[in-house]
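A.B. asks: There's a structure below that I have some questions on.
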Amino acid sequence: LKEIQYEKDLAGKRVLVTAGPTQEAIDPVRFLTNHSTGKMGYALATVCMRRGADVTLVTGPTQTEKPKFVRMIPVRTAKQMFDAVTEHAGDQDIIIKAAAVADYRPKYQSDEKVKKQDGELAIEMERTDDILQYLGDHKKEGQYLCGFSMETEQMMENSRKKLKKKHLDMIVANNLKVEGAGFGGDTNVVTMITDDAEISLGKMTKEETAAHIISQILKEQEKRK
Ligand code: CTP
Ligand code: CA
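All the letters of the sequence shown, read from the start, carry residue numbers 176 to 400 under full-length UniProt numbering.
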């Protein structure tokens, strides 16, 4: 049993992970979403569970096999994810936000199917709440906050800005244009960024990536004590 082989270095810790995309409805038939499959977040949840943590996983809709032995909270919209995360955030030691949350949602959702007409269609969009910004603004004493950042250009610069603005302890950046990184695949290529360090991991499985991220977080939490 793989579950019992691991060093339980997360025993006694509560970890909240978010994963997957969100879906924002236009009408009962259509929604806006993104390419997230939840694999990176599920790998993080699995690794944390094996290492002894009490894991809560807030996940958008995915086809990926669900991790075992974690508290699953399925959500669909950015609003639902915000509510689920803020409800459980208070007593978490570590929060890792791997979800690809919609930044905008349709301002109006039609109760009926939108019928096509001649000419173009414009959909008015409004901003969703930034969950991670909220968590950073309301961070609990000792809580470790890790975000993810997906970029296609100026990865380091843009990610550092997010680290600072959202008051994160770490941001894990990946460049969608690098081979073996990003959506869907079983591998990733990431850089862990903190205030005073940048650690680049080579191409490896998402589970291996997750293990490195968790070890680094633990190391930093220990350092602070
Ligand atoms: N995030 C969030 N709530 C949102 C949008 C993003 O919690 N409404 C989180 C993501 O889960 C991720 C981090 O913020 O951990 C960075 O997401 P990303 O999309 O890379 O950055 P944004 O701040 O949304 O900026 P932009 O999309 O413009 O690059
Ligand atoms: Ca975004």
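Just so it is clear, CB atoms sit at the ideal spot from N, CA and C, and this is done for glycine as well.
#1: Nearest-angstrom Cα distance between C321 and V204?
#2: On the CB-based measure, 16 or more other CB atoms within 10 Å of its CB, does R225 come out buried or exposed?
#3: Do you know whose CA, among T239, Q318, A386, lies nearest E397's CA?
#4: Output the distance between the C-alpha atoms of T212 and D371, rounded to the nearest integer angstrom.
#5: Taking only heavy atoms of ligand 2 into account, decide whether any of them is closer than 7 angstroms to the Cβ of D278.
#6: Roughly how many angstroms lie between the CA atoms of E373 and I389, to the nearest whole one?
#7: Per DSSP, what kind of secondary structure is G317 in: helix, strand or coil?
#8: Let me know if R280 comes out buried or exposed under the rule of 16 or more other beta-carbons within 10 Å of its beta-carbon.
#9: Nearest by alpha-carbon distance to V353: which of L376, A194, V233, T261 is it?
#10: Which whole-angstrom value is the C-beta distance of V276 and I306, which I expect to be below 8 angstroms?
#11: Taking the Cβ atom as the reference point for each residue, do Q267 and L343 lie within a distance shorter than 8 angstroms?
#12: Within a Cβ cutoff of 6 angstroms, which residues of the same chain sit near A200, ignoring the five residues on either side of it in sequence?
#13: Rounded to whole angstroms, what's the CA-CA distance from A253 to H387? Just pull it up for me.
#14: Sorry if obvious, but does the Cβ on residue 157 come closer than 7 angstroms to a heavy atom of ligand 1?
#15: For T261, which three-state DSSP category applies?
#16: Would you kindly work out how many angstroms separate the C-alpha atoms of residue 158 and E295, rounded to a whole number?
#17: What does DSSP give as the partner residue(s) for D312 in the beta ladder?
#18: By DSSP, does A275 sit in helix, in strand, or in coil?
#19: Following a CB-centred definition, is G377 positioned closer than 7 angstroms to any heavy atom of ligand 1?
#20: Can you tell me whether I392 is buried or exposed, with buried defined as 16 or more other CB within 10 angstroms of its CB?
#21: One question on the structure: do K381 and M215 come within less than 8 angstroms of each other, judged by their Cβ atoms?
#22: At what residue ranges does the stretch 190–261 contain a whole run of the beta strand (DSSP E), taking only runs of 3 or more?
C.D. replies: A quick look at the data gives this:
#1: Residue mapping note: residue 321 aligns to position 146 of the sequence shown, counting from 1. Residue mapping note: residue 204 aligns to position 29 of the sequence shown, counting from 1. Whole-angstrom Cα-Cα distance: 34 angstroms.
#2: As a first step, residue 225 is located in the sequence shown; it is residue number 50 there, counting from the start. Label assigned to R225: buried.
#3: On the sequence shown, position 222 is the one that residue 397 refers to. Closest by alpha carbon: Q318.
#4: Residue 212 sits at position 37 when you count from the first residue of the sequence shown. Residue 371 sits at position 196 when you count from the first residue of the sequence shown. Roughly 31 angstroms separates the two Cα atoms.
#5: Along the sequence shown, one-based indexing puts residue 278 at 103. Flag set: Cβ of D278 near ligand 2.
#6: Counting from 1 along the sequence shown, the entry for residue 373 is found at position 198. Counting from 1 along the sequence shown, the entry for residue 389 is found at position 214. Looking at the two C-alpha atoms, the distance is approximately 15 angstroms.
#7: Counting from 1 along the sequence shown, the entry for residue 317 is found at position 142. Of the three classes helix, strand and coil, the one that applies to G317 here is coil, per DSSP.
#8: Locating residue 280 in the sequence shown gives position 105, counting from the first residue. So R280 counts as buried.
#9: Counting from 1 along the sequence shown, the entry for residue 353 is found at position 178. Nearest option by C-alpha distance: L376.
#10: Counted from its first residue, the sequence shown places residue 276 at position 101. Counted from its first residue, the sequence shown places residue 306 at position 131. Contact holds; Cβ gap of about 6 angstroms.
#11: On the sequence shown, residue 267 is found 92 positions in, with the first residue counted as 1. On the sequence shown, residue 343 is found 168 positions in, with the first residue counted as 1. No, the Cβ-Cβ distance between Q267 and L343 is not below 8 angstroms.
#12: Along the sequence shown, read from residue 1 onward, the residue named residue 200 stands at position 25. These residues qualify, in order along the chain: F206, Q284.
#13: Against the sequence shown, residue 253 aligns to sequence position 78. Against the sequence shown, residue 387 aligns to sequence position 212. Straight-line Cα distance between these residues: approximately 28 angstroms.
#14: This structure does not reach residue 157, given that the chain is present from 176 up to 400, and the question cannot be answered.
#15: By one-based count along the sequence shown, residue 261 stands at place 86. Reduced to three states, the DSSP call for T261 is helix.
#16: The structure shown does not extend to residue 158, since the chain is modelled only from 176 to 400, so the question has no answer here.
#17: Reading the sequence shown from its first residue, position 137 is the one you call residue 312. Beta-bridge pairing links D312 to no other residue.
#18: Working through the sequence shown from its first residue, we reach residue 275 at position 100. In the structure shown, A275 sits in a strand (DSSP, three-state: E or B).
#19: Here residue 377 corresponds to residue number 202 of the sequence shown, with the count starting at 1. No.
#20: Locating residue 392 in the sequence shown gives position 217, counting from the first residue. By the neighbour-count rule (16 or more Cβ atoms within 10 Å), I392 is buried.
#21: Reading the sequence shown from its first residue, position 206 is the one you call residue 381. Reading the sequence shown from its first residue, position 40 is the one you call residue 215. Yes, Cβ-Cβ distance for K381 and M215 is below 8 angstroms.
#22: 229–234, 246–249
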